[in-house]
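The sequence shown runs 435 to 599 under the working numbering. Note that the Cβ used here is the ideal one computed from N, Cα and C, for glycine as well.
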Amino acid sequence: MRLLPFFLLLCTLASAQGTKIVRDSFSISYPTGWTIDKEDPDYDPDALFSFDSPDGNNMIMFIIMNVPIDGEEMLNQQVTEFQKQLIKNPEITEFTQWGRYTGQGKILKGKLLGLTKGFVRIFVYADDDKSMLVVQQCYDDDFVTLKKDYELMEQSFRFSSDKKK
């Protein structure tokens, strides 16, 4: 019986760390219960992939590019498309930090598809060699339980080239 508390602690730690993916250009950990959407016709494990929450209602998507992009242009295009397709007349706030990366970001808050309160968080990072677009979509009610999951992905993401510096 003395081992039971130790076992429970190990299970909790394993869940908090999740599963680690290591690719040539990046690494990331994602939470236990989340799944990689390999059914997406554009799925590419090195360039375009997303993680779906355990209930399938929330997600985070990554586009990794080995070229620099105009971050402001990419961000504005994303905001425009999300306003047309998903979240009409959102409240918009800006941010500049996602994990260890400084870039450009916007949070669009409102009713997703006009029905349920939620948000879309868009972040773009670009340097001389690479770029990244991260899009997080979450319902407000679910964010309470998913916040730490999103934080794990955000804090664990690293470009491989950063480790060489």
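Local conformation of residue i per DSSP, three classes
i	result
aspartate 489	coil
glycine 505	helix
tyrosine 573	strand
leucine 586	helix
lysine 522	coil
Best match in the options for proximity to residue i [C-alpha to C-alpha]
i	options	result
phenylalanine 577	Ile494, Ser461 and Gly452	Ile494
lysine 540	Leu549, Gly548 and Tyr559	Tyr559
phenylalanine 483	Asp504, Leu547, Gly505 and Ile455	Ile455
threonine 453	Leu520, Asp583 and Phe593	Asp583
asparagine 510	Ile498, Val569 and Asp562	Val569
Residue i vs residue j beta-carbon contact at 8 Å
i	j	result
aspartate 486	threonine 466	no
glycine 544	glutamate 528	no
leucine 549	phenylalanine 516	no
proline 488	arginine 457	no
tyrosine 573	asparagine 492	yes
isoleucine 497	methionine 566	yes
Checklist entry - Touching or not, the stretch 523-540 and the stretch 473-483, by the rule of three or more beta carbon pairs under 8 Å? => result no
Next on the checklist: Quick check: the stretch 462-471 against the stretch 552-562, are at least 3 beta-carbon pairs closer than 8 Å?
Outcome noted: no
Next on the checklist: For a minimum of 3 consecutive residues, which ranges assigned as the beta strand (DSSP E) are wholly contained in the stretch 529-581?
Outcome noted: 535-546, 550-560 and 565-573
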